[in-house]
Each structure stands twice: as structure tokens, then as C-alpha cells.
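For reference, the structure is listed below as C-alpha cells.
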Amino acid sequence: VSKEETSDDICFAEFLDDYYVECEEHLAVSRQSLLALESFVDHPHIDRHLLDELFRSFHSLKGLSAMVGVHEAEQLAHQMESYLSVLRKEQSQLTATGVDSLIEGVKTLDQIIVSRRENVQPRDIRPLLVRLESLLTAGEPSQVPSETGTHGGDPNAWGLSTEKSAELAAALQKGARAWQFTFTPSPVLAGREINVNTVRQRLQKIGDLIHAAPHVKDHGQISFVFLVTSLAEEETFRFWQQDGLTYDAYEAPISPPVNEVKADSALDAGTGTPLAPSNIVRVDLGRLDELMRLVGELVISRSRLDEGVKRAGTKLPAPECRALQETNQAIERQLRDLREGVMRVRLVPVRDVFARMQFVVRDLIRESGKKVAVELSGQETEIDKYVVERMMDPLLHLVRNAVSHGLELPKEREAQGKSSEGKLFLRASTTGETIAIEVEDDGRGLDAQAILHRAQATGRTSFAEENETITLLDVICTPGFSTRDEADRASGRGVGMAVVRTVAEELGGSVALDTRPGFGAKFTIQLPLTLAIADALIIDVGGQMFAIPQASVHEVIQVDPKAVTLLENNELVPYHNGVLPLLRLANFFGMSGHTDTTFFALVINSGLSAVGLTVDRVLGLREIVVRPLTDAVIRVPGVSGATELGDGRVVLILDATALARAARKQTKRNWATAACDPPADTALYVDAGRGELRP
Amino acid sequence: MTNTDTKTFILFELSGTTYGLCSQAVQQMEMVEQITPVPNAPLFVEGVVFSRGQVVPAINLRRRFGFEKKPHDLKTRLVVVAHEGRTIGLIVDAAREFVAIPTNAIQPPPEAISGLSGKYLQSIVRLGERLVLIIDVDEVLNFSDFSVPAPNVA
């Protein structure tokens, strides 16, 4: 008996997991639609498609919530659905309060579902229900739908489609009666071969089965509710109660507004666009990780094969050798395709992130009395699901900062000759293997003086002499740094700039800041498109091999030691129209390095922040499988991970961003003199004598 | 004697002394092959190795206990320890024994033992003629007392 119960529990847990995922999807869709809906406030006609979409989302949320017994969500979704129905019939005009209530509703739904997942008491939704109710009465008082969802999962509340309603009506006209049967399965009943299927058969014998639905009771027990029309006398099934099958007379709602809602929804649920297209498969991210790991193993095995083919090539007759090489190359190509295919599965558009950001902006506008216009671009840009989830909070933090600290109040803006409405730009774009997300405002910008003053006041005097844009970022990214004495509601929610930078760098990305006092600030977050596999340059530093992601290397230049100028302990080499500060990697890593022979410099970053990492040799370009350095004891500055090239030996992966930052600290006095801006398209990988490098 | 009365240990040698590690904590033992040095890591970190697809730090236990370093030879072993979600390799002079020790033979360490290695002692066992020092895995893997040297920025 107990075994049966546990397997039921597991089933239900899986069911709940699906519920959370589906709700999340519907909430994401409704967030998008609500933002669009806002532009229709006080318009007599609203884009029908938009309303339909919102209606569908709430309708699904309601149905799903009823199935798993999350009654608060069901009630709320129902009330929101009712309001939309009124709007669809144009019985009421969309008001700002209406949109606010719907947005509040979506947020509350989100919270309720999260509460359920975390097994905590959901917040009280009654005030919100009342608010939504009053919106309905404002529309047409006579059409107020009765509160049907109070008992959540009450089978009376099940919506019947038009067809089924018609079926029911026809049966009733013929003199049949409608009955509502409730069957609660139990192991004892199952032992008597009384289960859902036999019950269903039994019911079909006495009449027509109009509708059936599972119903979850508060303590998680599942029962099934059937709506049956029958000409049979009650005597026929009175004794079925002994078999766990109870019944009630079914009262069809009289001129039910809920049914009208259903009638409307028939076009969505029936022949219209299906709620969830059937060709979509939902996959757990963990399984994709596993798949990616397997592809990674394949990449390593192939590089072993590659070595083997090269060695065998010297011993085999030419024709055999060529055939082997061709197969080897074919595998390489196919592996690349496979890797890209797996990677693509993990990508999601940044649209949802932007929608969440806009929600945050809306709240802040109301709290602060500022006027903000949000402009989006690149919403369809795709990014790794894991990366985007990790970056969500940091990005929201940037948006909060931009609105609450960056943008000024309307009066202040007007006084400075700006339009009273502040602008917030959210942009996303991809270049090669990286994706850039920008959060830009045209507000007051970052005041270097104030920030330095603040840094000094809080004892962070090491920054005292730096006041350039780049080091400004270093200051504000110091853990615990804040320009406000008291963390305000908007920005004091856990993540500071330090976290923004840490998360971006943990993901192999970087943060850049561009600001002009009085004109605004732009934060650019660069992130790798995918984490697990990357193209990397293999380099030799002091006799040890390292890898550095190709995406972070701007250019490789050959340096003649005679061209190096020493300036206050800093080595500089001519570079394009200016100079390039060097960071001696061997020195940085405490290895012996020789400085008298020709060496190479990997140019990291461009423009003013460009630095050159000196290496002895560049050995080649390889596809590497990135593995994290999980233990703190081996997490050292300048190293972001490790890889294996096929011989079982670990090769450390350099952290370009951290190294560039170290180099900038080293040259903090002189870097401003390195005024140069190399054209971005001149990147060339200099052949290091092996003839293996590609431009 | 029943199973419940014994505990199993992996014995290893370090600078002429026999140590024991609780066998549950030991994932595997390997020959020491290629160790990749990690620049600017604490001195007792000899580098990193691949073990079962994972990048694992290789700790020189001689250095960790404050003994003199000794070049690796054929007997040198990497004892891979998995403890509280971490996986760490310990380089020891030799390791090959797996023993079951009656729990009543396990004694607390004498208070007089001092020095760096004393800190890592959990208990001591007398096995016939030999004295075995049982290592406290928690303490050995707790590296918070070591500061990481700063990279050389000239």
C-alpha cells in the first residue's frame, strides 16, 4: 500500500514541476503582452490579438492552477481573465488603474507560484481580488461575474466549451438530468478493481459523459470529477457511494458570465491557435549540460585521434594516409556542427530579460516620479539559458541604478536643457562568439569626483589618484561601495556593482563603463555565447603551456625587445598611433622569463584600455573544452579555468579581463598617455613559426 | 568481531611516518604523472591534475605538514580525497595499504603533540609495532590559514 502511495507522490511531484515550468512560460508571455497593452490606455479599441494572447495566458494559468490545487493563483487568474473578457467585449475602456492591477496581478501570480514551490504561505490576495472586481463593476455593473472560484477547484467552476455546453443543454432538453460524480481512488478500492477507468465505464453505461477533470484536494489527494447527463433514476447509482463514487445534482449556471467567458475562449482553445504547439519538447537544462559534456569528451577524443593520425602519417603509405586524414577532417567538421547544434538548443532570446527589466522600470517610475522612455533593440538576440539566468539579477541591478541614480527628475532635466523624459536604452547584439548587453541612460552620468570622495571617506584610498573612466568602474565595483549613505529601496536589494562584475567575469565575460558627467552612462556587459567549448590560442609562457580564449584576444603582435621603452617601471611599445603597455606574463606568474629575444604580445581590449600580454610563443589555435577550477585553493588571479588538449595534461586558461585589469593597475599613472585607438578590423594572428595559425 | 566494531583506513607514508585516512573519504589512488603548476597558488599546491574528468588540485602533503620537499619517484602516490563536495589530491611518499582497525584501538592523540602536523591529527592507533597517525580530513583540507601570495606586478 505504502509503495503505491509513494509512486503517486512522485507522479504528483513531476506534475508540479511541469506546472511551474508552464506557469513561468505563461507569465513571461503575459509580461510581454502587458507592456504592449499599456500603450492602449484610454483607447476605445485595443489590439484584439494582444487581448486574446493575454486572455489565453490567464486562462491557461487558471486551468493549470486548478489542476494542481493552487487556489489563490486560480482565483486571481480567473478574476484577471474576467476583466480581460470585459475589455474584449469593449464594455469598458482600459484605464491606467486597469493596467496597474493586471501587472500587480502578474507579479502576485508569480509570487503565489513561488510560494507554493517553496512551501510557504502565499500572500493575501483578497485586496487585489477586490480591486479587480471593482474594475469589472466599473465596466458594466450588471455583468459582474459571480465569485465562482472561492473553493478553488470547485467542479462547478469548470468551464465548459461551447460545444459541451450545447451538448449539456441538448441532453437537459431531452429530459435528462445532469449529475456530478466525484471519485476518489484509494488502494482499497483499487484492490476491488474500482479505478478511474472502471468508474468511467460505469458512468458511460448510465448516460453521456460530458466532462471529466482531475481535482487535487488540499492535502494533495487526487480525485476525479465527472459531469454526466443521464435519463437513469437516482436509484441506479445510489449505492455506488460505497465504491467511493459520490454524486450531486449538477446545477447549470443560469446566464453565467463565466460561461460567456468560456464561449469566448472556445475560439482559442478549440480551432484557434493551440496553447502549446505540439512540436515543442521541453528539456531539462541538466540533460543539455550532460549532452554538452559528452560533446566535450568527443572533442578531446578527436584531438587525440588527430595526434594519432599525424604520427601514423609518417609511417603509412600516402593513399592510406590521405584517406585517414580525410575521415579525420570529416569528423572534425561534423563535430563542430554537432557542437553548434547542441549549443543552439540552449539558446533563448533575451526578450524575456528585457521584459522583466521594463517591469522593474515601471515600478521605479511610480516610486520616483521620474519620466522614463525605454528603448529596446536586439530583443531577438539569443543567449545561453544558463548565462542569462545567472545574469538576470546583475542586469536588473544596472537598470535600477540607471533609473534611480542615473536619470534625473523632470524638473532637474528641464533646467539642464534636456527633455523632461529620460531615456533608457536596453540593447543586445552578438559579434562572433560573444554577446553584448548594454544598459544606457541619458541621465547625470557618474561623477568621478563625488565617487572618489566617497571612496576616500570609506577608507578606500588606494584609488585616490585615479580618476579615469576605467578605474571609476574599479571603484564602484569594490565590494561594499555605495554612493548613498543608506541603501534605498531601489538599489539596496542585495547585488551591488561588485556582484555585477563578479558574475560577468565568472561567466567568462566583462563589464565596461562609458560615462560623461551630465550626459549619461553606458554599461556594456560582454558575455560568451556559450560556456563549455571555445576556440583558444595556445601559448607558451616560461616553458608552460596556457590557453587564452580567441574571442578575448584583439590582435597578436611581434615585439622587438629594442622597441620597448621603460617609463617609471612600465614597459611600453609603439602600437598603431600610440603606445601599448605590456604585462609580462612570466613575471606576473613568478616564472623566469627572458627579455632579450623577440617575443609576442597578445593585445587584450582596444582603444585606451588595450594592454599587451607578453608571451614567448604562440603555438596554435585549438578548440578547447572549458572546465572550471572549482576549488578555492587553485583559484588564482589571471586564471579562469582549465582544459585538456588530449594528452591528459591540464592546461590553464587565462582570464584576459583580470589580466588586463592587473596590467592597468600596474600602469595606472601612465596609461592615459597611451592614447591610441587601433582600427578594430586589423586583427591579425601572427604566424609563430609553425604555420598553423589562421588570420 | 563484527563489522560494526571496525573502521577502515587507507595508510600512507610521509617522511618516515605512517598516516591513516578514513577510507570513505578516499576516492582513488593514482601514480603521479603530469602535474600542471598553478602560478601564484599557495606553496603547498603543487598544481592541478585531471582525475575522472575533473580538474583537481594536487597538494604536496610534505609541504602542508612543514616537512622538506622530496622529488617524486615510483612510489609517490596521489591520494584523491572527496570530502564535503570538494575533490582534492594529496601527494604522499607511498600509499598501498587498506586496513580495518577495531574502534577500541583508536585513541585520542596525546596532548603533548605539537607542531604543524599535530594540528591535523584526529587520533592515533597502534598496529602491532607501528604507530599510525589518523588524519583529520577536515583540517587537512581547510586551507583558510594559508594566504595566497600576491602576483608579481612590477
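Keeping their order, the protein sequence lines are chains Z and Y. Position in the first sequence (from 1) plus 4 gives the number in the working numbering. Position in the second sequence (from 1) plus 13 gives the number in the working numbering. Ideal placement from N, C-alpha and C gives every residue a C-beta, glycine not left out.
- Residue 616 of chain Z has Z/586, Z/607 as its beta-bridge partners, per DSSP.
- For residue 117 of chain Y, the nearest beta carbon of chain Z is not closer than 8 Å to its own beta carbon.
- Within chain Z, the residues placing a beta-carbon under 7 Å from that of residue 99 of chain Y are 635, ordered along the chain.
- Taking C-beta atoms as the reference points, residue 662 of chain Z and residue 641 of chain Z count as a pair closer than 8 Å.
- Proximity to residue 120 of chain Y across Y/39, Y/21, Y/136, Y/44 peaks at Y/136, based on C-alpha coordinates.
- The beta carbons of residue 21 of chain Y and residue 80 of chain Y sit no closer together than 8 Å.
- For residue 654 of chain Z, the nearest CB of chain Y lies under 8 Å from its own CB, placing it at the interface with that chain.
- Restricting attention to Z/502, Z/56, Z/60, the CA atom closest to the CA of residue 94 of chain Z is found in Z/56.
- When Z/391, Z/356, Z/206, Z/121 are compared, the shortest CA-CA separation from residue 29 of chain Z is found for Z/356.
- When 8 Å is used as the limit between beta carbons, residue 156 of chain Y is near these residues of chain Z: 636, 637, in chain order.
- Taking a Cβ-Cβ cut-off of 7 Å, residue 603 of chain Z has no neighbours in chain Y, whose nearest Cβ is about 16 Å from it.
- In this chain, the alpha helix (DSSP H) harbouring residue 312 of chain Z covers 289-317.
- Taking a contact as a CB-CB distance under 8 Å, the pair residue 554 of chain Z and residue 539 of chain Z counts as one, their CB atoms being some 4 Å apart.
- Per DSSP, residue 86 of chain Z has no beta-bridge partner at all.
- Identification of residues in the segment 47-61 of chain Y having a C-beta nearer than 7 Å to some C-beta of chain Z yields 47, 49, 50, 51, 52, 53, 54, 55, 58, 61, given in sequence order.
- Residue contact check for residue 70 of chain Y against chain Z: a CB pair falls below 8 Å.
- Exclusion of the five residues before and after residue 125 of chain Z leaves 119 as the residues of its chain whose Cβ lies within less than 8 Å of its Cβ.
- Three or more Cβ pairs drawn from the segment 641-655 of chain Z and the segment 57-67 of chain Y lie within less than 8 Å of each other, which places the two stretches in contact.
- Using a Cβ-Cβ cut-off of 8 Å, residue 595 of chain Z is close to 52 of chain Y, given in chain order.
- Interface with chain Z (8 Å Cβ-Cβ cutoff): residue 63 of chain Y is included.
- CA-to-CA, the gap between residue 54 of chain Z and residue 108 of chain Z works out to about 18 Å.
- Annotation: residue 299 of chain Z to residue 388 of chain Z spans about 16 Å, alpha carbon to alpha carbon.
- In the DSSP assignment, residue 595 of chain Z falls outside any alpha helix (DSSP H), carrying neither H nor E.
- DSSP places residue 46 of chain Y in the coil class of the three-state scheme, outside both helix and strand.
- Going by DSSP, residue 240 of chain Z is part of the alpha helix (DSSP H) stretching over 239-242.
- For residue 399 of chain Z, the enclosing alpha helix (DSSP H) starts and ends at 389-405.
- Bridge partners of residue 435 of chain Z according to DSSP: Z/438.
- The beta carbons of residue 236 of chain Z and residue 228 of chain Z sit about 20 Å from each other, so the pair does not count as a contact at 8 Å.
- Check the Cα spacing between residue 613 of chain Z and each of Z/381, Z/253, Z/477, Z/523: the tightest is with Z/477.
- Chain-order list of chain Y residues neighbouring residue 502 of chain Z: empty, with the shortest C-beta distance near 19 Å, by a criterion of under 9 Å.
- The straight-line gap separating the alpha-carbon atoms of residue 399 of chain Z and residue 105 of chain Z is approximately 26 Å.
- DSSP, read as helix, strand or coil, puts residue 54 of chain Y in coil.
- The beta carbon of residue 551 of chain Z sits no closer than 8 Å to any beta carbon of chain Y.
- The three-state secondary structure of residue 429 of chain Z, taken from DSSP, is strand.
- The straight-line gap separating the alpha-carbon atoms of residue 526 of chain Z and residue 578 of chain Z is approximately 30 Å.
- Along the segment 564-582 of chain Z, going in chain order, the ones with a CB nearer than 7 Å to a CB of chain Y are 573.
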